[in-house]
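Participant: Take 1 as the starting number for the sequence shown in the UniProt record's numbering and just add one per residue.
A single structure is presented below for examination.
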Amino acid sequence: MLHRSKDEPFYESGDPNAESTDILRRPRAQALEVIPDSSSKAAIDRASRWLSHCLEHDEACELPNTEFMPKLLIDVGSEDDAIKPFLYKPTEVTPYTCLSYCGGSDTEDVLWTTAENLEAHYESIPWSKVPLGIRDAIIVCRGLKIRSLWVDSLCIIHDDSVAWRSDAAEINRIYLYSRLSIAALEPATCKSRFLGPQKFAHPAWQSCFTADTPLNPKEPPLEVFVRPCLAENAEYKEDLSRSSLDKRGWSLQESLIPTRRLCFNGNEMIWQCLCRTICECGHILWKPQSSGFGRLGTHLKSKRLKADVVLSDPQPAWQSWHQSDRYDYRRSGPGYPKNPYKRWRDIVVEYTKRGLILRKDKLNAVSGLAMLARESLPENPQDQGYGHPEEYLAGLWRGEFHFDLAWMVKSPVAEQGIAERSSIPSWSWASVNAPVTYKFDDPVETWKHTPYLIERVKVESVTCMREVTNEETSNVISGEAILTGLISHVKLAVMLDSGGMAKAYVRSANLRSYKVKLDRPRSLTILSGERQSDCWMKGTCQHGDDCCKWTMEEHDEKLICIVLFTWTAPVNKNDYYGNPRPNMGPEPWFLVLKPSTSVDGAFERIGIGHHAHWDIEKCKLFEDEELATVKIV
């Protein structure tokens, strides 16, 4: 049960944790009445009030004056005239909206602007051919009295590769300087409407009554909404998962770059800006959200904002990485990863969960975020001990290249459904078609004693050949990284564990084996029940008759591991008997490399490993270590 906010269409402010004799009166227990139809005048009026309030009161959401305008915009006309939408080239600064939406898998007969129909679109865009989702965006613009709209399908010339790359390079500014971004979270195709009946307004989801006898007689009666518990409602579990738009790779920058978003998902309308987030049903106040607008976007835009962000109360119950500074590092020390770089890695983790149709778009679809992220990084990394000016390198940053290399595929997947193979270097997370994560910094947060870092690799050079030579964040044609560090020649085994899951191990000539995570699936090399299987899984030879012994001459794949860095923590305490306690660590992180099939003398990354069981046995993978310089492509 939630009480109706008296500050319609906003939430009542107040301390979210304030005590009250009536739990229903607490700020987190409030909601708005969900409007039955998002295409109605009442819905557009509510959205208009959200926008007007933000324009009037939220100085941070209004970016400093800029002369930037997209090359093409759609004039949508107004509610009062019969003007058909048409393309035009803006000659002066004017407010405009952007549409963020899913085109869908079936785009064969979707209207696009091309060199052939460009002149005709200057005259008018045929309404009968405009997809229903884009029609809805035009309706919203007219209702909000914003006459100009930017939509990628109609405002980019799609059969002109030069024009397309030029516009793609401007995506960050197009969304950043829009007055508002309209986000159609659902449906998954532009051929269907995103405006219409809203599920949470249905009587089964929303009933209202007046509480005539409040617990505190001094407080007035409350209007109370009764709604299903969303966290337990089976029908809503799908709605709590990612929306169709949040599964799309291109949409991540479309969600983080704008300062204002108006979202439609078929359940309710949601307002998001730098200062507040409001959903009609109120669940956003008490149900921790796993994704959305938020603090990461503020950090990215921090150098563009004209004022500090002032958050309105009550604030959403965010738990996600891009909603709170509490996910920044709590510890700092020499060589530690820095928060601005961590936020970029957080973007990478979120981005790689999403899908793309074309592999060639892997870096293009995040280039706008990379441009903004660069502004929040140290201007002169060499002044902080990095040794090089900052540079964006196929999704990684030179300033913390050794850390950025330490990405790990969550679960290797066979690469299918991608239209073409990648030219992205194997050391980049963008070279794989799978979600990745970063775990290398866990000791910074989880170790009881403060760890310190030992850098074990020297980055000699990193170079990328870019599709657009003067665009640092554009797609890359090729790239190489030259590293000098300790290497170990290893063999690789892939087998099934007792649960039927494929596991990979490496071991050197001393027969100590260590688990690694592969970037892509590999065929099994050892079957269940084979004599050596328990030797690999238990870390040492179990039979004592040289069953595992191998020599370099038998090293057919010529695999190597190279150490990136090591964590260790001095304990400086004695145990109960006065004996010194052992230090925590060392925990080495290393790459697994194979000889390149395309560049003689070079290697390609195939996986990553680390030894976290130092409390049982120290890592001996690099016992017979050898210093070498390797080229990774």
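Glycine residues also receive a C-beta, built at the ideal position from the N, C-alpha and C atoms.
What separation, rounded to the nearest whole angstrom, lies between the Cα atoms of LYS306 and THR298?
Facilitator: The straight-line gap from Cα to Cα measures roughly 12 Å.
Participant: Would you kindly report the start and end of the unbroken beta strand (DSSP E) that includes PHE401?
Facilitator: Segment 401 to 404 is the alpha helix (DSSP H) holding PHE401; no beta strand (DSSP E) there.
Participant: When DSSP labels each residue in this structure, what does residue 670 get in the three-state scheme?
Facilitator: Within the shown structure, residues of the chain are numbered from 1 to 633, placing residue 670 beyond reach of any answer.
Participant: Using DSSP with H/G/I as helix, E/B as strand and the rest coil, what is ARG326?
Facilitator: Residue placement at ARG326 is poorly supported in this model, since its pLDDT is 43, which falls under 50; the coordinates are not used for a value here.
Participant: Nearest-angstrom Cα distance between ALA143 and ILE44?
Facilitator: Correcting the residue identity first, residue 143 is Gly in this sequence and not Ala. Distance between the alpha carbons of GLY143 and ILE44: 6 Å.
Participant: To the nearest angstrom, how far is it from the Cα of ASN510 to the Cα of TRP550?
Facilitator: Cα to Cα, ASN510 sits roughly 9 Å from TRP550.
Participant: What are the uninterrupted segments assigned as beta strand (DSSP E) that are 3 or more residues long and contained completely in the region 497 to 535, given in chain order?
Facilitator: With a minimum length of 3 residues, the continuous beta strand (DSSP E) runs that stay inside the region 497 to 535 are 502 to 507, 513 to 518.
Participant: Once DSSP output is grouped into helix, strand and coil, what is the label at ASP600?
Facilitator: Of the three classes helix, strand and coil, the one that applies to ASP600 here is coil, per DSSP.
Participant: Would you give the residue range spanned by the beta strand (DSSP E) that MET465 belongs to?
Facilitator: Start and end: 457 to 466.
Participant: So for VAL226, helix, strand or coil by DSSP?
Facilitator: Note: VAL226 maps to strand in three-state DSSP.
Participant: Could you give the DSSP three-state label for ILE139: helix, strand or coil?
Facilitator: Of the three classes helix, strand and coil, the one that applies to ILE139 here is helix, per DSSP.
Participant: If we call anything under 7 Å between Cβ atoms a contact, is MET371 one with ASN65?
Facilitator: Taking 7 Å as the Cβ cut-off, MET371 and ASN65 do not qualify as a contacting pair.
Participant: Where DSSP assigns a beta bridge to PRO197, which residues make up the other side?
Facilitator: DSSP, once it has assigned bridges, lists ASP37 as partnering PRO197.
Participant: Counting only the same chain and skipping the five closest in sequence on each side, list residues whose C-beta sits under 7 Å from that of TRP205.
Facilitator: Cβ within range, chain order: LYS199, ARG227, PRO228.
Participant: Just confirm the distance between the C-beta atoms of THR97 and SER181, as a whole number of angstroms; I'd bet it's less than 8 Å.
Facilitator: That belief holds up - the Cβ atoms of THR97 and SER181 are roughly 7 Å apart, short of 8 Å.
Participant: Pick helix, strand or coil for SER290, following the three-state DSSP scheme.
Facilitator: With a pLDDT of 48 at SER290, under the threshold of 50, the predicted position of this residue should be treated as unreliable, and no value is reported.
Participant: Going by C-alpha distance, which of LEU245, VAL494, LEU111 is nearest CYS155?
Facilitator: Comparing Cα positions, the closest option is LEU111.
Participant: Three-state secondary structure (DSSP) at SER48?
Facilitator: Correct three-state label for SER48: helix.
Participant: Determine the burial state of ASN572: buried for a count of at least 16 other Cβ atoms within 10 Å of its Cβ, exposed for fewer.
Facilitator: So ASN572 counts as exposed.
Participant: Sorted by chain position, which residues of the same chain lie with C-beta nearer than 7 Å to GLU12's C-beta, five sequence neighbours on each side aside?
Facilitator: Closer than 7 Å at the Cβ level, and outside the excluded window around GLU12, lie SER5, LYS6, PRO27, GLN30.
Participant: If I measure Cβ to Cβ from GLY387 and keep anything under 7 Å in the same chain, skipping five residues before and after, which residues do I get?
Facilitator: Note on GLY387: pLDDT 46, under 50, position unreliable in the model; the coordinate value appears next. No residues qualify anywhere along the chain.
Participant: Do you know whose CA, among PHE10, SER207, LYS353, ILE138, lies nearest CYS279's CA?
Facilitator: Ranking the options by Cα distance to CYS279, first place goes to PHE10.
Participant: Is the beta carbon of ILE138 closer than 7 Å to that of PRO70?
Facilitator: Not a contact, by the Cβ cut-off of 7 Å.
Participant: Rounded to a whole number of angstroms, what is the C-alpha to C-alpha distance between PRO36 and ASP75?
Facilitator: The straight-line gap from Cα to Cα measures roughly 29 Å.
Participant: Would you check if the distance between the CB atom of CYS141 and the CB atom of LEU132 is smaller than 7 Å?
Facilitator: Result no, Cβ atoms of CYS141 and LEU132 do not sit closer than 7 Å.
Participant: Enumerate in chain order the residues of its own chain whose CB-to-CB distance from TYR514 is below 8 Å, with the five nearest sequence positions on each side excluded.
Facilitator: Counting only Cβ-Cβ distances below 8 Å, and skipping sequence neighbours, we find TYR505, VAL506, ARG507, GLY539, GLY609, HIS611, CYS619, LEU621.
Participant: Who are the near neighbours of TRP50 in its chain, counting only those whose CB is closer than 6 Å to its CB and skipping five residues on each side?
Facilitator: Closer than 6 Å at Cβ, skipping near neighbours: TRP271.
Participant: Taking the straight line between their C-alpha atoms, what separation do you get for VAL409 and PHE603?
Facilitator: Each residue's alpha carbon lies about 19 Å from the other.
Participant: In terms of DSSP beta bridges, what is ARG248 paired with?
Facilitator: DSSP, once it has assigned bridges, lists GLY355 as partnering ARG248.
Participant: Can you look up SER207 in the DSSP assignment and give me helix, strand or coil?
Facilitator: Correct three-state label for SER207: strand.
Participant: Starting from TRP164, trace the alpha helix (DSSP H) both ways and give me its first and last residue.
Facilitator: Run containing TRP164: 161 to 168, per the alpha helix (DSSP H) assignment.
Participant: In chain order, what residues of the same chain lie with their CB nearer than 8 Å to the CB of LEU518, ignoring the 5 residues before and after it?
Facilitator: The answer, listed in chain order, is VAL409, PRO412, VAL494, ALA504, VAL592, ILE606, GLY607.
Participant: On the criterion of 16 or more Cβ atoms from any shown chain inside 10 Å, does THR566 qualify as buried, or is it exposed?
Facilitator: Buried.
Participant: What's the call for ILE616, buried or exposed, on a 16-neighbour Cβ count within 10 Å?
Facilitator: With fewer than 16 Cβ atoms within 10 Å of its Cβ, ILE616 is classed as exposed.
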